[in-house]
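Asker: Residues in the sequence shown are numbered consecutively from 4, following my numbering.
The C-beta atom is built at its ideal place from N, Cα and C for all residues, glycine as well.
Source: prediction; values computed, not measured.
Shown below is the structure under consideration.
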Amino acid sequence: MSLWERDDWPGMFAALRQERPVSWHTEPEIPGLTLGPGPGFWSLVCYDDIVHASRHPEIFLSGRGTNIPDFPPEVYEFLGSMINMDPPRHTQFRLIVNRGFTPRQVGLIEQSVHERARAIVDAVADKGTCDFVSEIAAALPLQIICDMMGIPESDYRWVFEKTNVVLGAGDPEYGEEITAAFLAAQELWQYAQQLRADRLEHPRDDITTAISQAEVEGHSLTPEEFGSFFVLLVVAGNETTRNAISHGMLALTDNQGERRRWLDDFDAVAPTAVEEIIRWSTPVIHFRRTCAGQDVELGGQRIEAGQKVVLWYNSANRDEGYFDDPYRFDVTREPNEHLGFGGGGPHFCLGAHLARREIKVMFEELLRRLPDIEVSGEPELLRSNFIHGIKRMPVTWSLRHN
Numbered sequence: 004m005s006l007w008e009r010d011d012w013p014g015m016f017a018a019l020r021q022e023r024p025v026s027w028h029t030e031p032e033i034p035g036l037t038l039g040p041g042p043g044f045w046s047l048v049c050y051d052d053i054v055h056a057s058r059h060p061e062i063f064l065s066g067r068g069t070n071i072p073d074f075p076p077e078v079y080e081f082l083g084s085m086i087n088m089d090p091p092r093h094t095q096f097r098l099i100v101n102r103g104f105t106p107r108q109v110g111l112i113e114q115s116v117h118e119r120a121r122a123i124v125d126a127v128a129d130k131g132t133c134d135f136v137s138e139i140a141a142a143l144p145l146q147i148i149c150d151m152m153g154i155p156e157s158d159y160r161w162v163f164e165k166t167n168v169v170l171g172a173g174d175p176e177y178g179e180e181i182t183a184a185f186l187a188a189q190e191l192w193q194y195a196q197q198l199r200a201d202r203l204e205h206p207r208d209d210i211t212t213a214i215s216q217a218e219v220e221g222h223s224l225t226p227e228e229f230g231s232f233f234v235l236l237v238v239a240g241n242e243t244t245r246n247a248i249s250h251g252m253l254a255l256t257d258n259q260g261e262r263r264r265w266l267d268d269f270d271a272v273a274p275t276a277v278e279e280i281i282r283w284s285t286p287v288i289h290f291r292r293t294c295a296g297q298d299v300e301l302g303g304q305r306i307e308a309g310q311k312v313v314l315w316y317n318s319a320n321r322d323e324g325y326f327d328d329p330y331r332f333d334v335t336r337e338p339n340e341h342l343g344f345g346g347g348g349p350h351f352c353l354g355a356h357l358a359r360r361e362i363k364v365m366f367e368e369l370l371r372r373l374p375d376i377e378v379s380g381e382p383e384l385l386r387s388n389f390i391h392g393i394k395r396m397p398v399t400w401s402l403r404h405n
């Protein structure tokens, strides 16, 4: 974990891209796991290699786990089983889940994004200062995800706290051992069972009802499958967009010229600015795959069947061989085929469209109503090798604009 607290980690990945684009690494023992040190893994750090692995799921499997350490099989039932599946089971599961994201449902969500973002800025506008993460960046995706699933507002804070623990494994604030994350995920899974049972008895116009009732080729989600999807959606949908918005605010503070370019023509610049915020932040640092039943060669290295392969998205999004001047934050960057939502293939992020919408609308409200909002103190980073997170970050703005 200490690697991610160092200022030179981007340079370390740059060196790997130049000298060892496919490199072997040992695994340390994970506190709280009784399985002992893992067998090691290959790191993919170049854009093209990561895209290749992502788009060949028949070779680079997800079904044996997407975290670097190997967990007991039952753990995957709580920590997002959909991302730990391979076709054809993954395909069937995703088709069922898609029934909850019809054009009508998406339209209702998009309307809610505007209303919620406006209310969030209303709540802080007269203060002149706040913690950006908890009061702005985290508030929008949390509220939207809870709205989508039909979670009552009285439970929002509880969901927020549990998702922090699930993705905060390794950070002392959230329980340094991995067992704290497992327990929090199990609590969310159990909550999902109660929510699903209520919707089956009392249907509502929400995604929980739609997915609970959906069938594809005679198959519907079991209670266990719904629970794992619920954990994935509330954790990933909340944490990743929150961190993209937070890093976006930091980048706009550190790059005032880019802020002015966006402010001068918000609507025209917004599409490329949002993509650059996602590339720049890369909220999910990596995912793991496992080489299938035959040896393969990638980047000049032989990868043996059964060996782990880790896709470092943060490195791919700074790959000099693919992006011009990748360490420059550029709100008009084009082209910008970043890997912030994964490298394509069957596991491309289900919530990519919604995340883009939330980022755009949140900055629309902020930059138009609080145009001089900026980071006013040192951000407090999440101690994690999986999520590029900011826990707290003070911001200030002038009250004359309100």
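Could you tell me whether the Cβ atoms of VAL169 and GLY178 are closer together than 8 Å?
Answerer: Cβ distance not < 8 Å, so VAL169 and GLY178 don't count as in contact.
Asker: Less than 8 Å between the beta carbons of VAL313 and THR243, yes or no?
Answerer: no
Asker: Look at the alpha carbon of VAL162 and the alpha carbon of LEU191, and state the distance between them as a whole number of angstroms.
Answerer: 8 Å
Asker: Taking only heavy atoms of the ligand PLP into account, decide whether any of them is closer than 7 Å to the Cβ of PHE96.
Answerer: As for the ligand PLP, it is missing from this structure, which has no ligand bound.
Asker: Taking only three categories from DSSP, how would you classify GLN49?
Answerer: Reading off the sequence shown, one finds Cys at residue 49, where the question assumed Gln. In this structure, CYS49 counts as coil in the three-state DSSP scheme.
Asker: Should GLY251 go down as buried or exposed, given a rule of 16 or more other Cβ atoms within 10 Å for buried?
Answerer: Residue environment analysis places GLY251 among the buried positions, since at least 16 neighbouring C-beta atoms fall within 10 angstroms of its C-beta.
Asker: Using alpha carbons as the reference points, say which of ILE139, ALA188, ASP174 and ARG199 lies closest to ILE154.
Answerer: It is ARG199 whose Cα lies nearest to the Cα of ILE154.
Asker: May I ask you to report which of helix, strand or coil DSSP gives GLU304?
Answerer: Residue identity check: residue 304 is Gln in the sequence provided, not Glu. It is a strand residue.
Asker: The beta strand (DSSP E) that contains ARG97, what's its start and end?
Answerer: No beta strand (DSSP E) holds ARG97; the alpha helix (DSSP H) holding it covers 92-101.
Asker: What residues match up with PHE44 in a beta bridge as DSSP calls it?
Answerer: HIS28 and LYS311.
Asker: Quick check on PHE344: does DSSP put it in helix, strand or coil?
Answerer: coil
Asker: Strictly by DSSP, which residues pair up with ARG395?
Answerer: GLU383
Asker: Just the Cα atoms here: how many angstroms apart are ARG121 and ASP129?
Answerer: 14 Å
Asker: Can you tell me which of VAL237, ASP270, SER215 and PRO75 puts its alpha carbon nearest to the alpha carbon of ILE181?
Answerer: PRO75
Asker: Could you tell me the distance, in whole angstroms, from the CA atom of ARG16 to the CA atom of GLY296?
Answerer: In the sequence as presented, Arg is not what sits at residue 16; that position holds Phe. Answer to the nearest angstrom: the Cα atoms are 29 Å apart.
Asker: Based on the DSSP output, what are the partners of PHE63 in its beta bridges?
Answerer: Secondary-structure assignment with DSSP links PHE63 through a beta bridge to CYS294.
Asker: Restricting to Cα atoms, I'd like to know which of ARG263, VAL272, TYR330 and GLU300 is closest to ARG282.
Answerer: Among ARG263, VAL272, TYR330 and GLU300, the Cα nearest to that of ARG282 is on TYR330.
Asker: Determine the closest residue to ASN388 out of ILE33, LEU19 and GLN21, with distance taken between C-alpha atoms.
Answerer: It is ILE33 whose Cα lies nearest to the Cα of ASN388.
Asker: Once you ignore the five residues that flank ALA18 on each side, which residues in its own chain have a CB closer than 6 Å to its CB?
Answerer: none
Asker: Determine the contact status of HIS391 and THR256, defining contact as a CB-CB distance below 8 Å.
Answerer: no
Asker: What does a CB cutoff of less than 7 Å around ASP322 pick up in its chain, not counting 5 residues either side in sequence?
Answerer: ARG20, CYS49, TYR50 and PRO329
Asker: Answer with buried or exposed for TRP45, where buried requires no fewer than 16 other C-beta atoms within 10 angstroms of its C-beta.
Answerer: buried
Asker: Pairing CB atoms from the stretch 359-374 with CB atoms from the stretch 296-307, are three or more of them under 8 Å?
Answerer: no
Asker: So, at 7 Å on beta carbons, what are the nonlocal neighbours of VAL334 in its own chain, with the 5 sequence-adjacent residues on each side left out?
Answerer: GLU261, ARG264, TRP265, VAL272, THR275, ALA276 and GLU279
Asker: Kindly give me the distance between the Cβ atoms of TYR159 and LEU145, rounded to whole angstroms, as I take these residues to be in contact under 8 Å.
Answerer: 6 Å
Asker: Roughly how many angstroms lie between the CA atoms of ASP73 and SER401, to the nearest whole one?
Answerer: 50 Å
Asker: Checking the sheet assignment: what are the DSSP bridge partners for HIS222?
Answerer: HIS222 pairs with VAL219.
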